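I have placed the structure first, in the form of C-alpha coordinates, so that the comments after it can refer back to it.
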Amino acid sequence: MNNFLFEERVTKEYRRDMMAVAEKHNQHAHLFEKKTPLFALLLKIGALLY
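Just so we're on the same page, our numbering is the position in the sequence shown counted from 1, plus 25.
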(Lines of atoms letter the chains of each structure in order from A and count residues from 1; the text may use other names and numbers.)
(Lines give C-alpha, C1' and ligand atoms only; values in the text may rest on other atoms or scores of the structure.)
Protein backbone atom coordinates (compact mmCIF):
# COMPACT_ATOMS: atom_id res chain seq x y z
CA MET A 1 0.00 0.00 0.00
CA ASN A 2 1.49 3.31 -0.97
CA ASN A 3 1.67 6.26 1.38
CA PHE A 4 -1.16 8.19 -0.28
CA LEU A 5 -3.69 5.39 0.24
CA PHE A 6 -2.55 4.92 3.82
CA GLU A 7 -2.96 8.63 4.57
CA GLU A 8 -6.38 8.63 2.92
CA ARG A 9 -7.51 5.69 5.07
CA VAL A 10 -6.22 7.33 8.25
CA THR A 11 -8.01 10.57 7.34
CA LYS A 12 -11.31 8.75 6.72
CA GLU A 13 -11.08 6.95 10.06
CA TYR A 14 -10.29 10.22 11.85
CA ARG A 15 -13.27 11.94 10.23
CA ARG A 16 -15.56 9.03 11.14
CA ASP A 17 -14.40 9.20 14.75
CA MET A 18 -14.90 12.96 14.91
CA MET A 19 -18.40 12.60 13.45
CA ALA A 20 -19.22 10.08 16.19
CA VAL A 21 -17.95 12.49 18.84
CA ALA A 22 -20.00 15.32 17.34
CA GLU A 23 -23.12 13.15 17.26
CA LYS A 24 -22.67 12.24 20.92
CA HIS A 25 -22.21 15.93 21.76
CA ASN A 26 -25.39 16.83 19.86
CA GLN A 27 -27.36 14.23 21.80
CA HIS A 28 -26.43 15.92 25.09
CA ALA A 29 -26.49 19.53 23.87
CA HIS A 30 -30.22 19.97 24.52
CA LEU A 31 -29.57 19.63 28.27
CA PHE A 32 -27.56 22.85 28.29
CA GLU A 33 -29.64 24.89 25.86
CA LYS A 34 -32.58 25.48 28.17
CA LYS A 35 -33.22 29.12 28.96
CA THR A 36 -33.62 28.50 32.70
CA PRO A 37 -31.98 31.31 34.66
CA LEU A 38 -29.16 30.27 36.95
CA PHE A 39 -31.01 31.54 40.01
CA ALA A 40 -34.06 29.38 39.26
CA LEU A 41 -31.82 26.39 38.71
CA LEU A 42 -30.10 26.95 42.04
CA LEU A 43 -33.51 27.22 43.76
CA LYS A 44 -34.55 23.86 42.32
CA ILE A 45 -31.31 22.23 43.44
CA GLY A 46 -31.68 23.76 46.89
CA ALA A 47 -35.24 22.47 47.16
CA LEU A 48 -34.09 18.97 46.24
CA LEU A 49 -31.29 19.04 48.80
CA TYR A 50 -33.48 20.47 51.55
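Yeah, the Cβ is synthetic: ideal placement off N, Cα and C, and Gly gets one too.
Bear in mind that the values here come from a model prediction, so they are computed numbers and not experimental data.
Residue i to residue j span [Cα, whole Å]
{"i": "Ala47", "j": "Gly71", "result": "33 Å"}
{"i": "Arg78", "j": "Asp42", "result": "In the structure displayed, the chain extends from 26 to 75; residue 78 sits before or after that span and is not available."}
{"i": "Lys18", "j": "Tyr39", "result": "No statement about residue 18 is possible, as the shown extent of the chain runs from 26 to 75 and does not include it."}
{"i": "Ala45", "j": "Thr36", "result": "14 Å"}
{"i": "Phe64", "j": "Asn27", "result": "59 Å"}
{"i": "Val52", "j": "Tyr75", "result": "The residue asked about is misnamed: residue 52 is Gln in this sequence, not Val. Rounded to whole angstroms, Gln52 to Tyr75 spans 31 Å at the Cα level."}
> What are the uninterrupted segments assigned as alpha helix (DSSP H) that are 4 or more residues long and contained completely in the stretch 28-55, given in chain order?
Replying inline: Here the runs fully enclosed are 28-54.
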